[in-house]
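Written below as structure tokens is the structure these notes are about.
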Amino acid sequence: MFRMTEVVKQLIIINIIFFVGKIIIGQNIIDEYLAFHYFGNPSFKPWQIISYMFIHADIRHIFFNMLLLFFFGPSLEDQWGGSKFLFFYLSCGVGAILATQGISYFAFHDSLNILVTEGYNKADVLAVLNEGKYMAKWEEVLTLRELNNLIGSYSIATLGASGAIYGVLAAYAFLFPNREVYLMFVLPVKVKYLIAFFIIGDLIAGFKGQMLIGNAGGTAYFAHIGGALIGFLMMLYWKNHQFKNNRWN
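Okay, so the sequence shown: first residue is 1 according to UniProt numbering, each after it adds one.
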């Protein structure tokens with residue numbers, strides 16, 4: 001379980017390189033170009049659907065993500081081969097961000113439509129948001145949640161490998177549900193229960209604006225749940241098709 005496999009090692013190294021680069025070059029520059037921005041935001045770039053997975057907010061964020069990848073990734077790579085594992089990992093990351101953006105789209109447009117209904121010009125609202133600001137008068141029309149949805153969905157970038165990691169966790173629980181891990185190196189817990197705790201607990205914490213793993217804030221917890229869901233659906237698909245046991249070398 002603790003043996004480092006080649007693709008897992010490369011993913012960890014790449015994440016560390018980007019994290020160090022972010023420290024050297026500057027957080028704002030890296031986040032502007034590589035973190036995922038809302039589709040309607042001028043800062044959105046197509047490559048961000050992949051690059052956001054390799055950008056982390058702080059040392060805690062990257063540490064926990066890479067620790068989980070180190071613990072759970074090698075068994076999947078041994079089972080599938082490096083190419084198949086990498087395809088799975090990236091697919092879960094893409095699925096995670098699409099889930100997040102789906103939530104953001106509806107949250108943003110619900111709030112925007114309220115402002116438009118109250119007589120605000122849509123282009124003017126977007127122009128203010130593009131400056132990273134908001135108008136105090138919006139508080140008279142929108143609830144605090146609606147205002148946060150408007151600003152957060154449009155202006156706050158998504159970053160981190162957490163969605164892809166949750167896909168890895170879901171796949172591990174699917175393939176090896178009764179394997180045991182030792183919490184604090186003492187208490188044995190079956191993987192299926194531990195990972196269920198992560199997923200359910202993160203969902204609950206997300207509604208409170210917190211995270212069990214990774215960076216806090218906004219609707220980003222849907223990236224975690226989206227990654228886990230994509231991972232689970234891919235496992236079901238592979239289980240029911242002929243190539244389910246094939247390695248991709």
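All C-beta atoms in this analysis are idealised placements derived from N, C-alpha and C, irrespective of residue type, glycine included.
Measuring CB to CB, does N41 end up less than 9 Å from A161?
-> For this step, residue 41 is matched to residue 41 along the sequence shown. For this step, residue 161 is matched to residue 161 along the sequence shown. Against a cut-off of 9 Å, the Cβ pair of A161 and N41 comes out as no contact.
Cβ atoms of Y38 and S111: under 9 Å apart, would you say?
-> Within the sequence shown, the letter at position 111 stands for residue 111. Within the sequence shown, the letter at position 38 stands for residue 38. No; because the gap between Cβ atoms is not below 9 Å, this pair is not in contact.
Select from Q79, A173, G73 the residue whose C-alpha is nearest the C-alpha of Y89.
-> One-based indexing of the sequence shown puts residue 89 at position 89. When each option's Cα is compared against that of Y89, the closest is G73.
Answer yes if the stretch 54-67 comes into contact with the stretch 170-189, meaning at least three C-beta pairs across the two stretches below 8 Å, and no otherwise.
-> Between the stretch 170-189 and the stretch 54-67 there are fewer than three inter-stretch CB-CB distances shorter than 8 Å, so the stretches are not counted as touching.
Nearest-angstrom Cβ-Cβ length linking G159 and A57, presumed shorter than 8 Å = As a first step, residue 159 is located in the sequence shown; it is residue number 159 there, counting from the start. As a first step, residue 57 is located in the sequence shown; it is residue number 57 there, counting from the start. Reading off the sequence, residue 159 comes out as Leu, not Gly. At roughly 6 Å, the Cβ-Cβ gap stays under 8 Å, so L159 and A57 are in contact.
Using 8 Å as the threshold, is the stretch 118-129 in touch with the stretch 23-38, meaning 3 or more CB pairs across them?
-> Taking 8 Å as the limit for Cβ pairs, the verdict is that the stretch 23-38 does not touch the stretch 118-129.
As assigned by DSSP and simplified to three states, the class of P74 | As a first step, residue 74 is located in the sequence shown; it is residue number 74 there, counting from the start. Judged by DSSP in its simplified three-state form, P74 adopts helix.
Helix, strand or coil at Y105 according to DSSP, with G and I counted as helix | Residue mapping note: residue 105 aligns to position 105 of the sequence shown, counting from 1. Looking at Y105 - three-state DSSP - the assignment turns out to be helix.
Cβ-based burial, Y237 [other Cβ within 10 Å; buried from 16] = What you label residue 237 is simply residue 237 of the sequence shown in a count that begins at 1. So Y237 counts as exposed.
Going by the beta-carbon positions, is the gap between L86 and L11 smaller than 9 Å?
-> Position 86 of the sequence shown, counting from 1, holds the residue named residue 86. Position 11 of the sequence shown, counting from 1, holds the residue named residue 11. Closer than 9 Å, so yes.
According to DSSP, which residues form a beta bridge with L187?
-> Locating residue 187 in the sequence shown gives position 187, counting from the first residue. Partner(s): L183.
Unbroken alpha helix (DSSP H) run spanning A123, endpoints | Indexing the sequence shown from 1 puts residue 123 at position 123. Note, A123: alpha helix (DSSP H), 122-130.
Just curious, the alpha helix (DSSP H) that Y166 is in, first and last residue?
-> What you label residue 166 is simply residue 166 of the sequence shown in a count that begins at 1. According to the DSSP assignment, Y166 belongs to the alpha helix (DSSP H) that extends over 162-175.
In whole angstroms, what separates the C-alpha of L9 from that of A196?
-> Locating residue 9 in the sequence shown gives position 9, counting from the first residue. Locating residue 196 in the sequence shown gives position 196, counting from the first residue. Looking at the sequence provided, one finds Lys at residue 9 rather than Leu. Their backbone Cα atoms lie some 26 Å apart in a straight line.
What does DSSP give as the partner residues of F36 in its beta bridges?
-> Here residue 36 corresponds to residue number 36 of the sequence shown, with the count starting at 1. In the DSSP assignment, the residues bridged to F36 are T158.
Identify, in the order they occur along the chain, each residue of the same chain with its Cβ nearer than 7 Å to the Cβ of S91, setting aside the five sequence neighbours on each side.
-> Taking the sequence shown and counting its residues from 1, one reaches residue 91 at position 91. Cβ within range, chain order: I230, M234.
Counted within 10 angstroms of its Cβ, other Cβ atoms place Q48 as buried (16 or more) or exposed | What you label residue 48 is simply residue 48 of the sequence shown in a count that begins at 1. Its Cβ being crowded by 16 or more others within 10 Å, Q48 is buried.
Just curious, the alpha helix (DSSP H) that M139 is in, first and last residue?
-> Residue mapping note: residue 139 aligns to position 139 of the sequence shown, counting from 1. According to the sequence displayed, residue 139 carries Glu and not Met. Neither: E139 is in no alpha helix (DSSP H) and is coded neither H nor E.
CA nearest to the CA of L69, picked from I50, N149, E6 = For the purposes of this step, residue 69 is taken as the residue at position 69 of the sequence shown. Ranking I50, N149, E6 by Cα distance to L69 puts E6 first.
For the alpha helix (DSSP H) containing F222, list its first residue and its last residue.
-> As a first step, residue 222 is located in the sequence shown; it is residue number 222 there, counting from the start. Run containing F222: 221-239, per the alpha helix (DSSP H) assignment.
Hey, W138 and L115 are a contact pair by Cβ (cut 8 Å); roughly how many whole angstroms apart?
-> The count along the sequence shown starts at 1 and reaches residue 138 at position 138. The count along the sequence shown starts at 1 and reaches residue 115 at position 115. Indeed, because the Cβ distance is near 6 Å, the residues count as touching under 8 Å.
What separation, rounded to the nearest whole angstrom, lies between the Cα atoms of L144 and M53?
-> Taking the first residue of the sequence shown as position 1, residue 144 is located at position 144. Taking the first residue of the sequence shown as position 1, residue 53 is located at position 53. L144 and M53: Cα-Cα distance of roughly 30 Å.
Using three-state DSSP, classify G217 as helix, strand or coil.
-> Numbered from its first residue, the sequence shown carries residue 217 at position 217. Interpretation of G217 is limited by its pLDDT of 47, a score under 50 that renders its predicted location unreliable; no figure is taken from the coordinates.
By Cβ distance, which residues of its chain are closer than 8 Å to K192, with the 5 residues on each side in sequence left out?
-> Sequence index remark: in the sequence shown, residue 192 carries index 192 (1-based). Closer than 8 Å at Cβ, skipping near neighbours: A173, P177, N178.
Using only alpha-carbon positions, find the residue among G82, S51, K45 that is nearest to M4.
-> Your numbering for residue 4 matches position 4 in the sequence shown. Taking the Cα of M4 as reference, the smallest distance to any Cα among G82, S51, K45 is reached at G82.
Do you know offhand how far residue 278's Cα is from Q101's?
-> As shown, the chain starts at 1 and ends at 249. That puts residue 278 outside it, with no answer to give.
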